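Report on one structure; see the data block that follows.
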Amino acid sequence: MQSVKTNHTQKESVFSRKTISNGVRPNFNEEKKLWKRGYKYVVGLDEAGRGCLAAPVVAAAVIVRSKLKSQRSKSQFKSQIFKEVKDSKQLSSKKREELCKLVTKNPLIEWGIGKVSEKVIDKINILEATKLAMKKAIEKLKKKPDFLIIDGNFKIDLPILQKSIIKGDEKVFSCAAASILAKVTRDRIMQRYHKKYPKYGFAQHKGYGTKLHLKMLKKHGPCKIHRKSFKPVKISSKIASNS
0 MQSVKTNHTQ KESVFSRKTI SNGVRPNFNE EKKLWKRGYK YVVGLDEAGR GCLAAPVVAA
60 AVIVRSKLKS QRSKSQFKSQ IFKEVKDSKQ LSSKKREELC KLVTKNPLIE WGIGKVSEKV
120 IDKINILEAT KLAMKKAIEK LKKKPDFLII DGNFKIDLPI LQKSIIKGDE KVFSCAAASI
180 LAKVTRDRIM QRYHKKYPKY GFAQHKGYGT KLHLKMLKKH GPCKIHRKSF KPVKISSKIA
240 SNS
């Protein structure tokens, strides 16, 4: 990804492109194009937990108002959120929690969360479950979306115009914000599951297939929230039944 030079002698608007040390910060370029074409409610979508071996997949939908009504709102949005929001994978857990609060409490942002359980994932597969979680997140929005920007390479079966962008959470502000909300929501779920199933270490790996998780799966076999259709879980289930 190429960095973009900016003229530091000129003031930048809240929706202008910014650079960071490792490339381009998520920006409003995609949203601005759509706003200019008359799409008022542009939704950024992302998920968390798609590659996990346990628990639900969680999606978030984020709408940023196309027009900021006051200079105070612009400066608040710019200083508190715009400078720090990026792909959730590039942030610490503490920073994600901090930004999640800022995003969800900001009057310029509307958001929704959708969750699909491990049982449904096993029935319809993880891709379809991800799409379903995104649909549920969209349903939680008060405003009816005009356009969807999806982080990924798939489309959702909805009568709404949409665009898929690979690594959209690294490029599009609303997708980056959605990635943070989805990740924080799911991490909180996994913290609760850790208390219920402490021997698996869910608080540490959040259900991803780490060495620790695979070791605990092999030792204890799958628990109720494991995705039985996923290969490592299937293998551990067979090992547990034969021991």
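In numbering that gives the first Met the number 0, the protein residues as written are 0 to 242.
Note that the Cβ used here is the ideal one computed from N, Cα and C, for glycine as well.
Everything numeric in this text was worked out from a predicted model, so none of it was measured.
DSSP-derived helix/strand/coil call for residue i
i, result
"Ser-228", "coil"
"Val-26", "The sequence given here has Asn at residue 26, not Val. Asn-26: strand per DSSP, three-state reduction."
"Val-84", "coil"
"Asp-145", "coil"
"Ile-137", "helix"
"Asp-186", "helix"
"Lys-154", "coil"
"Lys-195", "helix"
"Lys-35", "helix"
"Lys-114", "strand"
"Lys-68", "The predicted position of Lys-68 is uncertain, since its pLDDT is 48 and thus under 50; a value taken from the coordinates is nonetheless stated next. Residue state, collapsed to three classes: coil."
"Gln-1", "Only weak support is given to the placement of Gln-1: the predicted model assigns it a pLDDT of 37, under 50, and the question is left unresolved by the model."
Residues near residue i in its chain [Cβ-Cβ closer than 6 angstroms; skip 5 each side]
i, result
"Asp-156", "none"
"Gln-38", "In the sequence as displayed, the identity of residue 38 is Tyr instead of Gln. Taken in chain order, the residues that qualify are Asp-145, Phe-146."
"Arg-185", "Ala-47, Gly-48, Val-57"
"Ile-179", "Ser-87, Arg-95, Leu-98, Cys-99"
"Trp-34", "Ser-65"
"Phe-201", "Met-189, Tyr-192, His-193"
"Tyr-196", "Cys-222"
"Thr-129", "Glu-46, Arg-49, Val-56"
"Gly-151", "Ser-163"
"Tyr-199", "Met-215"
Extent of the continuous alpha helix (DSSP H) to which residue i belongs
i, result
"Val-171", "Unbroken run through Val-171: none, as it is neither H nor E."
"Asp-121", "117-123"
"Gln-203", "201-204"
"Ser-92", "92-104"
"Lys-218", "210-219"
Boundaries (first-last residue) of the beta strand (DSSP E) holding residue i
i, result
"Val-281", "There is no way to answer for residue 281, as the model of the chain reaches only from 0 to 242."
"Lys-162", "160-164"
"Leu-44", "41-47"
Rounded distance between the beta-carbons of residue j and residue i, thought under 8 angstroms
i, j, result
"Gly-113", "Ala-58", "5 angstroms"
"Met-189", "Gly-206", "6 angstroms"
"Ile-120", "Val-42", "The pair is not a contact, with the Cβ atoms about 23 angstroms apart (cut-off 8 angstroms)."
"Ile-224", "Glu-117", "6 angstroms"
"Gly-111", "Leu-140", "5 angstroms"
"Lys-230", "Ser-236", "Not confirmed; about 11 angstroms, so no contact."
Contact set for residue i: own chain, Cβ-Cβ below 8 angstroms, skip 5 residues either direction
i, result
"Ile-123", "Leu-131"
"Ile-238", "Lys-217, Gly-220"
"Ser-92", "Asp-186"
Close Cβ partners of residue i (< 7 angstroms) along its chain, the five nearest in sequence each way excluded
i, result
"Lys-142", "Tyr-40, Ile-62, Glu-109"
"Ala-181", "Asp-45, Glu-46, Ala-47, Val-57, Ala-58, Ala-59"
"Val-183", "Arg-95, Glu-96, Cys-99"
"His-204", "Leu-211, His-212"
"Asn-21", "Unreliable positioning characterises Asn-21 in this predicted model, as indicated by a pLDDT of 47, which lies under 50. A coordinate reading is not provided."
"Ala-54", "Gly-48, Glu-117, Ile-188, Met-189, Tyr-192, Gly-206, Ile-224"
Cutoff 9 angstroms: residue i Cβ touching any chain C Cβ
i, result
"Gly-208", "This model lacks chain C altogether, as it is built from one protein chain only."
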